[in-house]
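Report on the structure given below.
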Amino acid sequence: MRYSMKGNGPLIGDVYINGAKNAALGIIPAAIMSDDTVRIDNLPDVEDVRVLLEAVEGIGVSVNRIDRHSVTINGSGVHTIRVDNEHIKKIRAGYYLLGALLGKYHHAEVHYPGGCSIGERKIDQHLKGFRALGAKVIEDKDMVIVEAEELHGGHIYFDVVSVGATINIMLAAALAKGNTIIENAAKEPHIVDVANMLNKMGAAIRGAGTDVIKIKGVEKLKKVEYSVIPDQIETGTFMMAAAVTRGDIMIHGIIPQHMDAVSSKLIEMGCIVTEYDEAIRVVCRGPLRPCNVKTLPYPGFPTDMQPQICVALAQAGGQGTVTESIFEDRFKYVSELRKMGAKIKVEGGNVAHIEGVEKLKGADLAAPDLRAGAALVLAGLSAEGKTTVDGIEYIMRGYEDFDKKLRSIGAKIRIETDSK
Ligand code: EPZ
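Next comes the structure, spelled out in structure tokens:
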């Protein structure tokens, strides 16, 4: 399947943001740690979430879909701690079932994580954390096995700031005996969201959102109703859509504070960004100015917005740079942008030097991963002529109704399923 689109001027109008994919992917495993029924609202209806729900159903969790964005989950029926169904192999976040099942049953066997190919994506910090909680770790071909006679608190210093490892250890430690301290923890909004959910379930987690998280293990987790925070990256992607099409987009249902790093770069590039309580408006009338961007853990500029800002810089008046400091291989899409006439040189694998051109030209492109796929769509919507973006399955992993939302603000974009 591919998107087919034509750049046709500014995108203007209102967009409503769904729940955060990467928060939801931590919250679903948290939910199965209770034997009570947990209700989750504001779940984004995206492929990664659907796949994780199917994966947990596969081990006996009962999942009741109330409507498109709400489910109830009951984890009392888990009949196996071995998760190697076909669903789990497709996604990265399956690794959270290691922490969740280890915490609850002191034993988990989960297929090695899949997900977007954007670098080596090791899980050594997750495993180091589980060991600190008293677990034995065995890596057996494609499976990761973690097992503990007694899961106890531990003191963990992460060598790299990792979103996944931070959430995974929070999950396991929530039900361990005694106190856990995580130092050099990641601070992303979805870490705070998973901690808030666990705390509402009866966990005792303090410091989420700072780089030291303290967890006092509790005996069990109870039922809760919880609503997932809005998606920071979906928001950022629409902010960038306003910038690249010289549009005016009001983005609703968001937390503006989560967007500070993106907002400040857009302001530097000449856009007007106005924050409201739960909305943000991005207006871009004149030419874009170049800037230098470096991806960093939160509150720095998110790596998941790196391809999108690169598309904006490819059309700015002058020379800009983008330095990727989180993943080793996140510039695969640059060769696609070059087909559109973009002038980008990647140096040392992690720095893109971008010489803005007046206008990108339509081309036939392929999405190499989720965020790069969304960025190529932004490029197509700001280019002259027709663009196709193949491999939209990647985009559907993380964006709900992406094309529909873009059409609602004036984009000429549709899905093509036939052969060319
Ligand atoms: C999460 O991936 C997100 N995925 C990614 O979102 C996001 O890009 C990333 O965090 C950074 O914000 C999910 O939440 C499911 P990390 P994760 O552990 O947890 C290294 C998207 O498009 N590292 O914070 O895999 C690692 O190699 C996706 O929505 C280790 O060395 O990221 C990387 O260089 C893509 N050892 C860096 O740390 C470890 O044990 C950060 O990775 C763990 C990580």
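When we follow this note's numbering, the leftmost residue of the sequence shown carries the number -18, and every step to the right adds one.
Note that beta-carbon positions come from the ideal geometry of N, C-alpha and C, so glycine has one too.
No experiment lies behind these values; they were computed from the predicted model shown.
**Prompt:** For Ile72, which of helix, strand or coil comes out of DSSP?
**Reply:** coil
**Request:** Whole angstroms is fine: what's the gap from Ala224's alpha carbon to Ala364's?
**Result:** 13 Å
**Request:** Compare the beta carbon distance of Gly190 and Thr161 with 7 Å and say whether it is the shorter of the two.
**Result:** With a cutoff of 7 Å on beta-carbon distance, Gly190 and Thr161 are scored as not near each other.
**Prompt:** Across which residues does DSSP place Gln300 in a beta bridge pair?
**Reply:** Glu336
**Request:** Can you check DSSP and say which residues form a bridge with Val64?
**Result:** Val91
**Prompt:** Can you tell me whether Thr147 is buried or exposed, with buried defined as 16 or more other CB within 10 angstroms of its CB?
**Reply:** buried
**Message:** DSSP three-state label for Ala189, please.
**Reply:** Reduced to three states, the DSSP call for Ala189 is strand.
**Asked** Would you say Val32 touches the ligand EPZ, meaning its beta carbon is less than 6 Å from a heavy atom?
**Response** no
**Request:** Below 6 Å CB to CB, which residues in the same chain sit around Lys(-13) once its five sequence neighbours on both sides are set aside?
**Result:** Lys367, Lys393
**Request:** Sort Glu206, Val243, Met220 by Cα distance to Asn23 and report the nearest one.
**Result:** Glu206
**Item:** Unbroken beta strand (DSSP E) run spanning Thr216, endpoints
**Value:** Element bounds for Thr216: not the beta strand (DSSP E) but the alpha helix (DSSP H), 213 to 225.
**Request:** Indicate whether Gly234 and Ile(-2) have their beta-carbon atoms separated by less than 7 Å.
**Result:** yes
**Request:** With a threshold of 6 Å, establish whether the CB of His107 neighbours any heavy atom of the ligand EPZ.
**Result:** yes
**Prompt:** Out of curiosity, what's the CA-to-CA distance linking Ala344 and Gly361?
**Reply:** Rounded to whole angstroms, Ala344 to Gly361 spans 8 Å at the Cα level.
**Item:** Whole-Å CB distance - Pro(-9) paired with Asp229, under 8 Å assumed
**Value:** 7 Å
**Message:** I'd like to know whether the C-beta atoms of Val141 and Glu164 end up nearer to each other than 7 Å.
**Reply:** It is not a contact, given that the beta carbons lie outside the stated cut-off.
**Asked** Three or more C-beta pairs closer than 8 Å, one from the segment 268 to 277 and one from the segment 297 to 306: is that the case here?
**Response** yes
**Request:** Using 10 angstroms around the beta-carbon of Gln238, count the other beta-carbons present and answer buried if the total reaches 16, otherwise exposed.
**Result:** exposed
**Asked** If Glu28 and Arg378 are in contact, beta carbons under 8 Å, what's the gap, nearest whole angstrom?
**Response** 4 Å
**CA-to-CA distance, Ile21 to Ser208, given in whole angstroms** = 6 Å
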